[in-house]
Amino acid sequence: MNWKTFGAMLARDAHVARRNAIQLILQTFLQPLLFVFVFGKVMVSSGFLPEAYKSLLLPGIISISMVFTGIWAVAMPLIAEFQWTREIEDRLLAPISVGWIAIEKVIAGMLQALIAGLVVIPMAWLVLGRGVQISLGSPWTFALIILLIATFSACGGLALGCTINQQHIGLMFGMVITPMIFFGCTYYPWSALKTFPILQKAVLINPLVYASEGMRATLAPQFSHLPVAAVLGALLFFDILLLVVGLQQFEKKAVS
Amino acid sequence: MAVGIRTQDLCKTYNSAPPLGAAGGFVARADAKGSKQPKNQIPALDGLSLEVQPGEIFGLLGPNGAGKSTTVGVLTTRVRPTSGVAWIGEHDVWKEPTKVKHLIGVVPQRPNLDFSLTAREILVFHGAYFGIASRVRNERADGLLEKFKLTERGNQMVRGFSGGMMQRLSIARAMMHDPQVLFLDEPSAGLDPQTRILLWEIIREYHQAGKTVLLTTHNMEEADALCQRLAIVDHGHRIALGTPAELKATIPGGFVLRLRFGNQTPELLKKLEGLTGVREVRPVEPAGVDVYADRGGSLISEIANLAVGSGAELSDVHISEPSLENLFLHHTGRSLRD
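Here the protein sequences come in this chain order: W and G.
Residue numbers for the first sequence follow the working numbering, beginning at 29 and rising by one.
Residue numbers for the second sequence follow the working numbering, beginning at -1 and rising by one.
Listed below in structure tokens is the structure:
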């Protein structure tokens, strides 16, 4: 393992992220904050939703921001660099094995997802104003869960970025991302689906469910949520699965 | 110490469309002939063996789709061969890819510069990937920008660069870690003549520093001007090998006269063979003939007289002097530009 090369690649990604900071911030935070404003502020203050909804919404918003930041940060550059600009070739020719280049992309994506998660908490709190009841009962569980969510998002980005063709990006949004968001238990708890028993079982294949429920379990445990052990187990399973698939796909793209 | 390159019986069959710049021509040909071969099985290399001496400038000459880029791909860890072995120095490319990557610099056929960085950052980060200390890589980047006449554009993003500027920067980047072996895939394609001459000078200078250079080209002038030895490849195997002078000497007579007649008869071909200085006469479909001879223009009046005598009207004449183009034509019956 060549740490100097690995570090230089991380430095390159950090440099590019700094250069595109404004674009990244808008891309990451604008949508969740608008959502928080409309549902957490407008709907609640006009009486259509109860005050408690604010506390239910915040953990979901954190998880969705993290997941999509990580996926986006890894997948979009990979799709372009492998298929169109071929920019990644200078790193493929650097003295490090191909698998480590993929790992570097995952680490860079995880860092961005973690930053997004940690920044969106105070920002959303600010927008929601008074009446948010969140508590950090078990900081270690919280840390473990956000780490697993960050890993899931970056590995998901790696797998998607090395699988989807450039001309299918629109389809990816329509067929993968949109259903994932709406059935990801971000805007409602999993228990709310109990009146739709089949759907309630079916959404369990969506990793975003575990991310949202995990956040809810650690930040707003007053609402019913999936058991923490199930959340940890499922996230770990998806992390490993997506990492293995992502590495295989990356290798296929890197070497013809 | 200079490092050589060796390949033994390299074969590569792509199971899906090959990457851009590798074996593109084969796809077109396989389709055009309505070949029975499954569409997703595309042969690019067919038992290619080469040996490039340490410190040599070696050229791979061939038409598009001959397998040149695939050969470079195999030697630079980007294309896994179906069978056969490739070495850079003492290292098997596919057993020790990381060691090999330290030794090589690669200029691709199509620029693949990092569009998120400025020209100078591209060089500096490339140096960092190769573990070069900060001070050294900054100095080296400035030196290379100067050498490739890019200093003024050093702090600009490369997205707006012209093709020639991108190509120069690609070469500068490949030289940044001072590799022992430099691969250049069609280095002067799309360059203006002035930039091409600058590029040739830089390649020669690099070679004088004791480095090995392997370049692919379908430009005969470039192969002639730069390469100490050449391999001519077609359909994934080597059809000739030697110095440009040696190779040219193998063309019978040296001159090629491409003739077209209105009414070509076997007797006419016999009579052509009998002319003084004619070495070989080859009929070419549909109604033409290639005459290999040791003289050119002075044969024309005799050929015209023969044609009149045989009732065949001479309708077109093209004379070419000894060249690698003729050599390729001699071996394959096709022009390099076909």
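No residue lacks a Cβ here, since even glycine has one placed at the ideal position from N, Cα and C.
Based on the DSSP secondary-structure assignment, which residues constitute the bridge partners of residue i?
{"i": "E278 of chain G", "result": "G:Y290"}
{"i": "S81 of chain G", "result": "G:C9"}
{"i": "V231 of chain G", "result": "G:R236"}
{"i": "G57 of chain G", "result": "G:L213, G:L228"}
{"i": "R258 of chain G", "result": "G:G286, G:D314"}
{"i": "D183 of chain G", "result": "G:T214"}
{"i": "R4 of chain G", "result": "G:E49, G:W85"}
{"i": "F253 of chain G", "result": "G:A291"}
{"i": "T116 of chain G", "result": "G:M155"}
{"i": "D90 of chain G", "result": "G:W85"}
Counting C-beta neighbours from all protein chains within 10 Å, is the total for residue i 16 or more, i.e. buried, or is it exposed?
{"i": "S73 of chain W", "result": "exposed"}
{"i": "A103 of chain W", "result": "buried"}
{"i": "G309 of chain G", "result": "exposed"}
{"i": "M94 of chain W", "result": "buried"}
{"i": "E271 of chain G", "result": "exposed"}
{"i": "K66 of chain G", "result": "buried"}
{"i": "V70 of chain W", "result": "exposed"}
{"i": "E346 of chain G", "result": "Look at the range of chain G in this structure, -1 to 336, and you will see that residue 346 of chain G is not part of it."}
{"i": "I130 of chain G", "result": "buried"}
{"i": "K99 of chain G", "result": "buried"}
{"i": "S219 of chain W", "result": "exposed"}
{"i": "E241 of chain W", "result": "buried"}
{"i": "L186 of chain W", "result": "buried"}
{"i": "A30 of chain G", "result": "Per-residue confidence for A30 of chain G stands at a pLDDT of 41, beneath the threshold of 50, marking its modelled position as unreliable; the derived number appears in the next sentence. So A30 of chain G counts as exposed."}
Going by DSSP, what residue range makes up the beta strand (DSSP E) through residue i?
{"i": "H316 of chain G", "result": "312 to 318"}
{"i": "E49 of chain G", "result": "40 to 50"}
{"i": "H253 of chain W", "result": "From DSSP, H253 of chain W is part of no beta strand (DSSP E); its letter is neither H nor E."}
{"i": "I233 of chain W", "result": "I233 of chain W -> no beta strand (DSSP E), and no H or E assigned at all."}
Would you grab the beta carbon distance between residue i and residue j for me? Rounded to a whole angstrom, and I think it's under 8 Å.
{"i": "R277 of chain G", "j": "P250 of chain G", "result": "4 Å"}
{"i": "L349 of chain G", "j": "M174 of chain G", "result": "There is simply no residue 349 of chain G to check, as chain G begins at -1 and stops at 336 in what is shown."}
{"i": "A101 of chain W", "j": "A136 of chain W", "result": "7 Å"}
{"i": "F146 of chain G", "j": "A170 of chain G", "result": "5 Å"}
{"i": "S181 of chain W", "j": "T246 of chain W", "result": "S181 of chain W to T246 of chain W, Cβ: 17 Å. No contact."}
{"i": "T369 of chain G", "j": "E54 of chain G", "result": "Residue numbering for chain G in the displayed model covers -1 to 336; residue 369 of chain G lies beyond these limits and cannot be assessed."}
{"i": "V155 of chain W", "j": "L61 of chain W", "result": "6 Å"}
{"i": "D190 of chain G", "j": "G158 of chain G", "result": "Rounded, the Cβ-Cβ distance is 18 Å, inconsistent with contact."}
{"i": "A229 of chain G", "j": "L58 of chain G", "result": "6 Å"}
So which residues on chain G does residue i lean against when the C-beta distance must stay under 9 Å?
{"i": "I124 of chain W", "result": "T96, K99, Y127"}
{"i": "T191 of chain W", "result": "Simply none; closest approach about 14 Å."}
{"i": "L85 of chain W", "result": "Within 9 Å Cβ-Cβ: nothing; L85 of chain W doesn't reach chain G, min ~35 Å."}
{"i": "L139 of chain W", "result": "In chain order: nothing, as chain G lies at least about 17 Å away."}
{"i": "L188 of chain W", "result": "Those do not exist, as L188 of chain W stays about 19 Å from chain G at its closest Cβ, beyond 9 Å."}
Residue i versus chain W: which residues are under 7 Å apart at the beta carbon?
{"i": "L106 of chain G", "result": "Rather than Leu, the amino acid found at residue 106 of chain G in this sequence is Pro. The answer, in chain order, is E117."}
{"i": "N346 of chain G", "result": "There is no way to answer for residue 346 of chain G, as the model of chain G reaches only from -1 to 336."}
Alpha helix (DSSP H) containing residue i: first to last residue?
{"i": "L76 of chain W", "result": "Contrary to the premise, residue 76 of chain W reads as Phe rather than Leu in this sequence. Per DSSP, F76 of chain W belongs to no alpha helix (DSSP H) and is neither H nor E."}
{"i": "G103 of chain G", "result": "Segment 102 to 105 is the beta strand (DSSP E) holding G103 of chain G; no alpha helix (DSSP H) there."}
{"i": "S181 of chain W", "result": "167 to 189"}
{"i": "E271 of chain G", "result": "264 to 271"}
{"i": "L297 of chain G", "result": "That residue, L297 of chain G, is in no alpha helix (DSSP H); it is neither H nor E in DSSP."}
{"i": "V126 of chain W", "result": "126 to 156"}
{"i": "V44 of chain W", "result": "31 to 47"}
{"i": "K147 of chain G", "result": "Run containing K147 of chain G: none; DSSP gives neither H nor E here."}
{"i": "A122 of chain W", "result": "A122 of chain W -> no alpha helix (DSSP H), and no H or E assigned at all."}
{"i": "F210 of chain W", "result": "206 to 210"}
{"i": "K246 of chain G", "result": "242 to 247"}
{"i": "P217 of chain W", "result": "No alpha helix (DSSP H) holds P217 of chain W; DSSP gives it neither H nor E."}
{"i": "V70 of chain G", "result": "66 to 73"}
{"i": "H96 of chain W", "result": "Note on residue identity: the sequence assigns Phe, not His, to residue 96 of chain W. 81 to 111 is the extent of the alpha helix (DSSP H) around F96 of chain W."}
{"i": "Q165 of chain G", "result": "161 to 173"}
{"i": "H196 of chain W", "result": "Per DSSP, H196 of chain W belongs to no alpha helix (DSSP H) and is neither H nor E."}
{"i": "F67 of chain W", "result": "Segment: none, F67 of chain W is in no alpha helix (DSSP H) and carries neither H nor E."}
Below 8 Å on C-beta distance, what does residue i contact in chain G?
{"i": "M37 of chain W", "result": "Y127"}
{"i": "V283 of chain W", "result": "T75, R76, V77, R78"}
{"i": "L199 of chain W", "result": "Here the premise fails: no neighbours, minimum Cβ distance about 20 Å."}
{"i": "L269 of chain W", "result": "Residues of chain G passing the Cβ test: none, with the nearest at roughly 25 Å."}
What residues of chain G sit near residue i, judged by a beta carbon separation below 7 Å?
{"i": "R46 of chain W", "result": "Here the premise fails: no neighbours, minimum Cβ distance about 11 Å."}
{"i": "K32 of chain W", "result": "G129"}
{"i": "L52 of chain W", "result": "Those within 7 Å of L52 of chain W in chain G number zero; the least Cβ separation is about 12 Å."}
Since residue i meets chain W, which of its residues come closer than 8 Å, beta carbon to beta carbon?
{"i": "F113 of chain G", "result": "T113, E115"}
{"i": "R171 of chain G", "result": "D118"}
Would you mind telling me which residues of chain W sit closer than 9 Å to residue i, beta carbon to beta carbon, in chain order?
{"i": "H89 of chain G", "result": "Under the 9 Å cutoff, chain W gives no residues; its nearest Cβ is about 12 Å from H89 of chain G."}
{"i": "Y12 of chain G", "result": "S284"}
List the residues of chain C that residue i touches, going by C-beta distances under 7 Å, in chain order.
{"i": "F123 of chain G", "result": "Among the protein chains of the structure shown, namely W and G, there is no chain C."}
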